[in-house]
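There are 2 protein chains.
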Amino acid sequence: MQRHLTTIIDIARQLGISKSTVSRALTDHPNVNAKTRQRVLELAEQLDYQRNQLAISLLTNQTRTIGILVPEFISYFFPRVIISAQQVLTKAGYNVVICQSGESYEMEVSNAHTLLANRVDGLLVSHTKETRNFDHLRTFQRKSIPVVFFNRVCEDMNVPNVTVDDYRGAFVAVEHLIQSGRRRIAHLAGPDSLPNTRNRLNGYRDALLHYGLPIEPELIISYDLTLEKANIYINHLLNLPQPPDALFTINDPTAIEVLKVCRSRGLHVPNELAIVGFSNDPISELVEPGLTTVVQPVDDLGREAARLLLNAMEGSATEMPERVVLPTQLIVRGSS
Amino acid sequence: MQRHLTTIIDIARQLGISKSTVSRALTDHPNVNAKTRQRVLELAEQLDYQRNQLAISLLTNQTRTIGILVPEFISYFFPRVIISAQQVLTKAGYNVVICQSGESYEMEVSNAHTLLANRVDGLLVSHTKETRNFDHLRTFQRKSIPVVFFNRVCEDMNVPNVTVDDYRGAFVAVEHLIQSGRRRIAHLAGPDSLPNTRNRLNGYRDALLHYGLPIEPELIISYDLTLEKANIYINHLLNLPQPPDALFTINDPTAIEVLKVCRSRGLHVPNELAIVGFSNDPISELVEPGLTTVVQPVDDLGREAARLLLNAMEGSATEMPERVVLPTQLIVRGSS
DNA sequence: ATTTTTTTTGGGAATGTTCCCAAAAAAATA
DNA sequence: TATTTTTTTGGGAACATTCCCAAAAAAAAT
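Top to bottom, those sequences are chains S and Y. According to full-length UniProt numbering, the residues represented by the first sequence are 1 to 336, in order. According to full-length UniProt numbering, the residues represented by the second sequence are 1 to 336, in order.
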């Protein structure tokens, strides 16, 4: 594997000039003779020279690369956020490296180390559902590499973050169910470790309280977001002596799973069971009946996260870290 | 931004030994006193030292990073392929950098340059629908950086590639429609620039020929994969004086779009129009009726692509480049 | 023609690491 | 104790680039 890529020195040698001059010609530095620049540019083109970003990064101590660390990107949510963040960052002249941890804490730590070793200039992160120890991310902070959380945030770390208004989204969703006459509203919640799970749960609780409905512990189940478990719990809820007349789920895939179970049990949606999801996956408008759900502004989320990171990297990081909460919105479809 | 990260030299100085010794201690080199190693390791931990991968890569001329270049990753397909490729590559000790070009040729070229400047050791690529000139990828070849195509391949370039059996998949899909009594089978095809579009089109044609059915040019429409266009063409087909009784589409999202149009026009599926998609998106089993489709072995695709790349990077690249074609399979659901 | 100014060029340090070679220290042998 | 062998250490080159400073060349001014 003795491939040799053209360097600035090769060009200098062939032209009988110094590497400094070549460097200047290649970097649009003013102090270079027009004709010399021309010759350099031509030879560079001819040898298809490609500047070695590694050497430059080593020297300047910045890579102009930012890392994005997400738990997964199969679902619709993260890819969309990443794309919109990437647009902003690319425009600002940064490269983007994406790592996904497959919801595994171990993988997340390993990815964090890789990004650190590769000297990213900043980090955008949404942690796994398993993550409880944030040392691997604090390391970035300690080395003063800006970190911004989005969607899944660690409130203990004193860094900027962007979330959607999970509490309000959940409140409005449950309020809608109550106002359409439901009285036994179950909630299939996510893992307790995630702040947005907790916020949605609080929204659910407060909506019930606000309308004078009892909070029944047997109607609240938190689970690990795997569809197998979802299935078990959905059936468990429907088999209760007093089954719920509505089900509010932590996300749309779960709600779709509920829809499938109802279909297989011959339960009519929404007459016998109303369903409300969360996130407005594209699937939610394709199923029959359409799924009532809470919209998360995915594009804004990515854009804002990128903006906060750029601020932190380029601006003064002394102020109180900015925390953005984006509004959510209920979309009512056939399932409720 | 004068952050200084701990280096091997800081450790050496604090311990009053040379950087060579520190380096040895840190890299598990045998020629180092056990006690010295211990001291180095402890201090490294304490200062949370992180080796600078840039410096190492510069020195060794390999980054142990491989680039994955895809047109998009919103759809289900690419994320899945990437994840399975990533698993293989991670296990082999490589980092993975993912770039998405948003189906834009310009962005693809720019991404290719970035990856080259960052000195990736290998490239996994599925090009955009706009890509007709492959110079930006040939550059890798010229610099003897292994390239492997997957799914969307450039047959002119003499590199390994992995595809699914698009021809056979399409043939079997259309055969199934014919055998269930359809006679006017339309095909909504992808852009001509993509080989898999062409292969699927050939499969469609040959199936018709094989069963003695005429090929009607008015029933074959290629389009650019945007859903807005899909909508227009679907309506166009259904408005024909002699509308089709079946529609075979280039992919599942398109087929779902057909389903939606049928729903809004009150057309019964499959009685009045049978629909067959391609790729077995998870959505396809959630819609009503379930979508008949052709399964692409996404995980195998990623795994094989990674394997071929590892071969090319580590093995002898002299032989004829390997080309893998993975089998497809028809899944019949309610839409046909 | 000489001096001053401007433009253009070259040399060398610096970035953080590994690896080779020589030197020093320690251990083993005579 | 002296010599040989083994273990451990240090010094410096190399990787590709940028940037500073000085030197050379060219142009302008006297």
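The beta carbon of each residue, even a glycine, is placed where N, CA and C say it ideally should be. Note that the structure is a prediction, hence the values are computed from the model and not measured.
Determine the burial state of residue 320 of chain Y: buried for a count of at least 16 other Cβ atoms within 10 Å of its Cβ, exposed for fewer. Translated into the one-based positions of the second sequence, residue 320 of chain Y becomes position 320. Counting the other CB atoms within 10 Å of its CB gives residue 320 of chain Y a total below 16, which places it among the exposed residues.
Quick one: does residue 81 of chain S have its CB under 8 Å from some CB of chain Y? If you number the first sequence from 1, residue 81 of chain S lands on position 81. So no, residue 81 of chain S is outside the interface.
Nearest candidate by alpha-carbon position, reference residue 81 of chain S, set S:40, S:98, S:248 and S:7: Position 81 of the first sequence, counted from the first residue, corresponds to residue 81 of chain S. Among S:40, S:98, S:248 and S:7, the Cα nearest to that of residue 81 of chain S is on S:98.
Can you check whether the CB of residue 303 of chain Y is closer than 8 Å to the CB of residue 85 of chain Y? By one-based count along the second sequence, residue 85 of chain Y stands at place 85. By one-based count along the second sequence, residue 303 of chain Y stands at place 303. Cβ distance < 8 Å, so residue 85 of chain Y and residue 303 of chain Y count as in contact.
Looking at chain Y, is there any beta carbon in it that lies within less than 8 Å of the beta carbon of residue 118 of chain S? On the first sequence, position 118 is the one that residue 118 of chain S refers to. So, interface residue.
For residue 140 of chain S, write down the residues that DSSP places opposite it in a beta bridge. For the purposes of this step, residue 140 of chain S is taken as the residue at position 140 of the first sequence. As far as DSSP is concerned, residue 140 of chain S takes part in no beta bridge.
Is the separation between the beta-carbon of residue 220 of chain Y and that of residue 252 of chain Y shorter than 8 Å? Taking the second sequence and counting its residues from 1, the one referred to as residue 220 of chain Y is at position 220. Taking the second sequence and counting its residues from 1, the one referred to as residue 252 of chain Y is at position 252. No; because the gap between Cβ atoms is not below 8 Å, this pair is not in contact.
For a minimum of 3 consecutive residues, which ranges assigned as the beta strand (DSSP E) are wholly contained in the segment 75–117 of chain S? Here the runs fully enclosed are 95–100.
Could you have a look at residue 5 of chain S and say whether DSSP puts it in helix, strand or coil? The count along the first sequence starts at 1 and reaches residue 5 of chain S at position 5. Correct three-state label for residue 5 of chain S: coil.
How big is the Cα-Cα spacing for residue 184 of chain Y and residue 129 of chain Y? For the purposes of this step, residue 184 of chain Y is taken as the residue at position 184 of the second sequence. For the purposes of this step, residue 129 of chain Y is taken as the residue at position 129 of the second sequence. Within the model, the alpha-carbon separation for residue 184 of chain Y versus residue 129 of chain Y is close to 28 Å.
In terms of alpha-carbon separation, which member of S:58, S:274 and S:250 lies closest to residue 198 of chain S? Your numbering for residue 198 of chain S matches position 198 in the first sequence. Here the closest residue by C-alpha is S:250.
If you draw a straight line from the alpha carbon of residue 17 of chain S to that of residue 147 of chain S, how long is it in whole angstroms? Position 17 of the first sequence holds residue 17 of chain S. Position 147 of the first sequence holds residue 147 of chain S. Cα to Cα, residue 17 of chain S sits roughly 44 Å from residue 147 of chain S.
Contacts around residue 13 of chain S, its chain only, beta-carbon distance under 7 Å, and the 5 residues preceding and following it disregarded: Here the question's residue 13 of chain S lines up with position 13 in the first sequence. Cβ within range, chain order: n/a, list empty.
I want to verify the contact list: residues of chain Y whose CB lies under 7 Å from the CB of residue 57 of chain S, in sequence order. Here the question's residue 57 of chain S lines up with position 57 in the first sequence. Neighbours of residue 57 of chain S in chain Y, taken as residues whose beta carbon is under 7 Å from its own, are 54 in chain order.
Best match in S:234, S:306 and S:314 for proximity to residue 89 of chain S [C-alpha to C-alpha]: Position 89 of the first sequence, counted from the start, is the residue given in the question as residue 89 of chain S. For the residues S:234, S:306 and S:314, the minimum Cα distance to residue 89 of chain S belongs to S:306.
Per-residue contacts from residue 288 of chain Y into chain S (C-beta, under 8 Å): Position 288 of the second sequence, counted from the start, is the residue given in the question as residue 288 of chain Y. Within 8 Å Cβ-Cβ: 287 and 288.
Would you give the residue range spanned by the alpha helix (DSSP H) that residue 178 of chain S belongs to? Indexing the first sequence from 1 puts residue 178 of chain S at position 178. Element bounds for residue 178 of chain S: 166–179.
Please tell me whether residue 48 of chain S has its Cβ less than 8 Å away from any Cβ of chain Y. If you number the first sequence from 1, residue 48 of chain S lands on position 48. With its beta carbon less than 8 Å from one in chain Y, residue 48 of chain S belongs to the interface.
Got a sec, what are the start and stop residues for the alpha helix (DSSP H) residue 250 of chain S sits in? Stepping through the first sequence from its first residue, residue 250 of chain S is reached at position 250. Secondary structure note for residue 250 of chain S: it is in no alpha helix (DSSP H), with a DSSP letter that is neither H nor E.
Need the endpoints of the beta strand (DSSP E) that residue 187 of chain S sits in, please. Against the first sequence, residue 187 of chain S aligns to sequence position 187. 185–189 is the span of the beta strand (DSSP E), which, as asked, contains residue 187 of chain S.
Considering residue 38 of chain Y, what are the terminal residues of the alpha helix (DSSP H) in which it resides? Here the question's residue 38 of chain Y lines up with position 38 in the second sequence. For residue 38 of chain Y, the enclosing alpha helix (DSSP H) starts and ends at 34–46.
Compute the Euclidean distance between the alpha carbons of residue 2 of chain S and residue 141 of chain Y, then round it to the nearest angstrom. Locating residue 2 of chain S in the first sequence gives position 2, counting from the first residue. Locating residue 141 of chain Y in the second sequence gives position 141, counting from the first residue. Summary for residue 2 of chain S: the model assigns pLDDT 45, below 50, so the residue's position carries little reliability, and this model does not support an answer.
Going straight from the alpha carbon of residue 214 of chain Y to that of residue 272 of chain Y, what length do you get? Counting from 1 along the second sequence, the entry for residue 214 of chain Y is found at position 214. Counting from 1 along the second sequence, the entry for residue 272 of chain Y is found at position 272. Their Cα atoms are separated by approximately 20 Å.
For the segment 285–309 of chain Y, list the beta strand (DSSP E) runs that are entirely contained and at least 3 residues long, ordered along the chain. Fully enclosed beta strand (DSSP E) runs of 3 or longer: 293–295.
Can you pull the chain Y residues whose beta carbon is under 9 Å from the beta carbon of residue 142 of chain S, in chain order? Here residue 142 of chain S is taken as the residue at index 142 of the first sequence, counted from 1. Contact note: residue 142 of chain S reaches chain Y through 48, using a C-beta cutoff of 9 Å and chain order.
Counting only beta-carbon atoms, is residue 5 of chain S nearer than 8 Å to chain Y? Taking the first residue of the first sequence as position 1, residue 5 of chain S is located at position 5. Residue contact with chain Y for residue 5 of chain S: present (Cβ-Cβ distance below 8 Å to some residue of chain Y).
In chain S, which residues lie less than 8 Å from residue 95 of chain Y when you measure between Cβ atoms? Here the question's residue 95 of chain Y lines up with position 95 in the second sequence. Those within 8 Å of residue 95 of chain Y in chain S are 114 and 118.
Local conformation of residue 24 of chain S per DSSP, three classes: One-based indexing of the first sequence puts residue 24 of chain S at position 24. Shown here, residue 24 of chain S sits in a helix according to DSSP, grouped into three states.
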